[in-house]
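Sequence order for the protein chains is A and C. This note's numbering applies: residue 39 is where the first sequence begins, and numbers increase by one. This note's numbering applies: residue 39 is where the second sequence begins, and numbers increase by one. Note that the Cβ used here is the ideal one computed from N, Cα and C, for glycine as well.
2 protein chains.
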Amino acid sequence: MRTVTIADVAKHAGVAVSTVSYVLSGKRAISAATRQRVLDSVRELGYHPNAGARALASKRAKVIALVLPLRAGMNLPVLMQFATSVVTTARQYDHDVLLMTADEGADGLHRVAASALVDGLLLMDVEIHDPRVPLLRKLAEPSVLIGFPADPEGLTCVDLDFARAGALCADHLAELGHREIALLGAPRVVYERGTGFAERTMAGFVEAARRHGLQADARPCEESFDEVHAAVKLLLDERPGLSGLVVHNEAATGHVLGALRILGRRVPEDVSVVAICPDDIAERASPALTSVLIPAEDVGRQAVRLLMAKLEGQAVPESTLLEPRLTIRESSR
Amino acid sequence: MRTVTIADVAKHAGVAVSTVSYVLSGKRAISAATRQRVLDSVRELGYHPNAGARALASKRAKVIALVLPLRAGMNLPVLMQFATSVVTTARQYDHDVLLMTADEGADGLHRVAASALVDGLLLMDVEIHDPRVPLLRKLAEPSVLIGFPADPEGLTCVDLDFARAGALCADHLAELGHREIALLGAPRVVYERGTGFAERTMAGFVEAARRHGLQADARPCEESFDEVHAAVKLLLDERPGLSGLVVHNEAATGHVLGALRILGRRVPEDVSVVAICPDDIAERASPALTSVLIPAEDVGRQAVRLLMAKLEGQAVPESTLLEPRLTIRESSR
DNA sequence: CCTTCGCGTCGAAGCGCTTCGATGACCTGC
DNA sequence: GCAGGTCATCGAAGCGCTTCGACGCGAAGG
């Protein structure tokens with residue numbers, strides 16, 4: 039069973055090859071009658087354009103690269119949600135997604151761009167001093183970054199507004215009347231790496247707390263139960279008056295609740311807890327956690343949209359910050 | 039800056055286009071001198087073959103599709119590890135990976151195959167009665183499945199030997215002298231969906247326990263703390279003599295430990311716990327869990343190898359089962 | 001009535017690569 | 001010294017598609 043080509047369709051419909059092409063791309067007017075005849079033939083023969091040929095002739099592969107970090111300390115469920123939404127959104131624009139891991143590094147980006155395998159790049163988990171950023175500027179390949187490097191000048195970046203997220207948590211706790219609050223963040227290594235989002239959350243939190251005149255405290259937090267337990271214990275020992283706790287560390291969220299239980303603090307009676315995490319985790323915890331969700335889907339969708347706009351040659355804003363949303367559940371009062 | 043083509047390289051090296059092609063593919067003998075000259079030109083000009091043109095002419099895109107499920111109840115970290123190892127291994131064979139989500143369904147498979155976007159398919163999380171399987175047979179596109187459908191006849195399937203994994207746990211507990219043991223599995227929905235691996239683990243466990251003359255019990259297990267707590271409590275109430283517990287549910291693993299702690303059972307003094315999960319989770323738990331690891335990386339690597347072999351036209355075994363490995367840590371004695 | 005225009009369609013020229021058959025140059029052995 | 005055989009290289013024919021310019025035709029305009 040030889041594969042069906044555009045020539046087969048043309049013959050079957052009794053038109054020229056170019057006519058079929060124009061029907062399919064809509065780049066020239068075609069009479070309704072002809073269009074219908076062609077479309078029928080396409081369906082009947084089960085025609086699918088050959089991707090390579092199309093890419094070669096049109097210089098558009100209809101594929102974008104998704105560069106995932108896949109390294110320690112990352113938040114897998116969020117990453118996954120994100121990847122899903124990227125794929126889904128890309129498909130809506132009739133594009134496919136090539137998966138790349140960051141360990142191919144800059145060479146990898148160069149390779150896929152130079153070989154015209156992809157039309158654009160989507161980089162996740164961009165760091166403050168990301169070695170890929172300078173290359174990106176050189177390549178002049180359309181790209182969108184998730185996260186912010188130190189100097190976003192001339193790039194297109196999307197992210198949740200983490201500063202606002204941190205602030206939102208502090209606002210919420212302040213509103214409830216708490217006077218002493220703290221934030222438990224990502225593992226130390228994440229800060230050392232200079233990943234922007236973790237720092238920005240802390241900064242937003244501290245700043246908002248200061249504005250409200252609260253006593254606040256923000257520190258990294260490792261992910262094993264024992265370390266979480268130790269950290270929570272230390273915190274409670276040092277700050278007896280502490281009554282509000284923000285957790286921005288998915289893996290640790292459950293452990294924090296466990297540690298509080300063991301340390302004899304009730305949630306929310308003794309300590310109010312607010313998490314920054316996806317909704318499903320917050321809902322599954324017990325008690326269900328008041329949370330600021332990380333809108334991975336929105337970010338993915340938005341990133342793809344921006345990239346598509348760039349592929350069309352449209353101008354797009356340099357930075358897009360997505361507004362966080364607080365959902366109140368059982369863990370805060 | 040026009041992009042460099044093979045013709046540019048040919049001119050620069052003073053040879054024919056076909057000679058450059060043969061140097062690069064190694065499909066015909068080329069004198070050492072010429073080869074070197076061509077290679078130098080390639081480097082100097084920074085030449086990267088155009089993927090579309092190559093695909094068109096050679097009928098090989100050097101891209102494989104990775105079809106991920108991305109639905110509820112899946113084990114994200116494992117999935118991620120798996121995806122990483124697939125990408126890495128594929129790159130070793132000079133192939134790239136196109137990411138597809140299962141919700142594109144059979145149409146999606148058909149599309150990428152018919153458009154020659156990819157040379158082969160890697161399907162994850164195959165179910166017993168998977169709607170994609172019949173299509174796969176029709177397509178005659180080289181493919182490898184992770185997991186086993188009801189009838190693997192004529193397909194190529196790879197998976198961890200879950201029956202052995204379950205058995206290994208039972209063996210281990212029997213050896214330690216436990217007489218009453220139980221297995222807490224995946225959420226009920228996973229069994230209802232007919233995902234093979236969960237069932238096979240249970241079967242292997244039960245069978246091995248029977249062989250050792252142990253009293254055994256295997257049940258599904260949800261993933262919220264409350265439900266896990268309830269399930270563990272019920273189990274201990276019903277089976278006071280229970281002293282060995284196997285957990286085959288990543289999300290629940292931590293909660294089981296928490297529940298036992300709350301219910302006043304020490305691990306491993308009162309109850310020995312064995313988990314079936316990736317090593318990092320087992321190590322991070324406290325106490326560190328004796329575990330059978332899910333070798334996601336091996337599975338990914340093996341799957342890609344098999345697919346590449348098929349692309350070369352080689353015959354490959356219908357089914358490949360990867361041997362599980364038990365690592366003894368602190369949670370069992 | 002003839003020119004002009006726009007619409008719908010066609011033919012052909014590539015896009016950059018692989019691959020097949022052909023062509024020399026050079027060696028071997030009788 | 002020449003037929004036969006290698007070895008290295010070349011030229012050209014596609015692969016299946018897009019796109020540009022051209023063309024025929026009926027409608028509109030003078």
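Counted within 10 angstroms of its Cβ, other Cβ atoms place residue i as buried (16 or more) or exposed
i              : result
residue 119(A) : buried
residue 272(A) : exposed
residue 227(C) : exposed
residue 188(C) : exposed
residue 357(C) : exposed
residue 65(C)  : exposed
residue 63(A)  : exposed
residue 181(A) : buried
residue 167(A) : exposed
residue 192(A) : exposed
residue 45(C)  : exposed
residue 361(A) : exposed
residue 213(C) : exposed
residue 169(C) : exposed
residue 151(A) : buried
Presumed contact (8 Å Cβ cut-off) between residue i and residue j, rounded CB distance
i              : j              : result
residue 223(C) : residue 257(C) : 7 Å
residue 334(A) : residue 327(A) : Actually they do not touch by this definition, with Cβ atoms about 17 Å apart.
residue 102(A) : residue 133(A) : 6 Å
residue 58(C)  : residue 70(C)  : Contact doesn't hold; Cβ gap of about 15 Å is too wide.
residue 138(C) : residue 125(A) : 7 Å
residue 140(C) : residue 105(C) : 6 Å
residue 337(C) : residue 194(C) : Not a contact, Cβ separation roughly 13 Å.
8 Å Cβ cutoff met for residue i and residue j
i              : j              : result
residue 236(C) : residue 244(C) : no
residue 216(A) : residue 281(A) : yes
residue 329(C) : residue 89(A)  : no
residue 136(C) : residue 136(A) : yes
residue 53(C)  : residue 72(C)  : yes
residue 311(A) : residue 294(A) : yes
residue 269(C) : residue 242(C) : no
residue 41(A)  : residue 342(A) : no
residue 204(C) : residue 177(C) : no
residue 264(A) : residue 262(C) : no
residue 219(C) : residue 211(C) : yes
residue 317(C) : residue 298(C) : no
residue 288(C) : residue 315(C) : yes
residue 157(A) : residue 100(A) : yes
residue 81(C)  : residue 51(C)  : no
residue 296(A) : residue 296(C) : yes
residue 359(C) : residue 197(C) : yes
residue 290(C) : residue 252(C) : no
residue 142(A) : residue 129(C) : yes
residue 346(A) : residue 131(A) : yes
residue 185(C) : residue 234(C) : yes
Neighbouring residues, chain C, relative to residue i (Cβ below 8 Å)
i              : result
residue 261(A) : 322
Partner residues on chain A for residue i, Cβ-Cβ distance less than 7 Å
i              : result
residue 329(C) : Here the premise fails: no neighbours, minimum Cβ distance about 15 Å.
residue 86(C)  : 149, 152, 153
residue 264(C) : 324
residue 139(C) : 122, 125, 126
residue 302(C) : The premise fails here: residue 302(C) is roughly 13 Å from chain A at the closest Cβ pair, so nothing lies under 7 Å.
residue 104(C) : 137
Contact set between residue i and chain C, taken where Cβ atoms lie within less than 9 Å
i              : result
residue 142(A) : 125, 126, 129
residue 283(A) : By Cβ distance, chain C contributes nothing, its closest Cβ being about 18 Å from residue 283(A), past 9 Å.
residue 292(A) : 263, 292, 293, 296
Under 7 Å by beta carbon: chain C residues contacting residue i
i              : result
residue 90(A)  : 90, 93, 94, 99, 154
residue 296(A) : 296
Interface partners of residue i on chain A, CB under 9 Å
i              : result
residue 136(C) : 101, 134, 135, 136, 137
Interface residues of chain A facing residue i [CB-CB closer than 8 Å]
i             : result
residue 41(C) : 152, 154
Legend entry - Residue ranges of each alpha helix (DSSP H) within the segment 176-214 of chain A, 4 or longer: DSSP assignment within the segment 176-214 of chain A yields the following whole alpha helix (DSSP H) runs of 4 residues or more, N-terminal first: 200-213.
Inset, instruction - For the segment 95-179 of chain A, list the alpha helix (DSSP H) runs that are entirely contained and at least 4 residues long, ordered along the chain. - result: 114-130, 143-152, 170-177
Inset, instruction - Quick one: which unbroken beta strand (DSSP E) runs of 3-plus residues sit fully inside the segment 259-330 of chain A? Chain order, please. - result: 282-285, 310-314
Legend entry - Length-filtered (4 minimum) alpha helix (DSSP H) runs lying within the segment 72-97 of chain A: Fully enclosed alpha helix (DSSP H) runs of no fewer than 4 residues occupy 89-96 of the segment 72-97 of chain A, in order along the chain.
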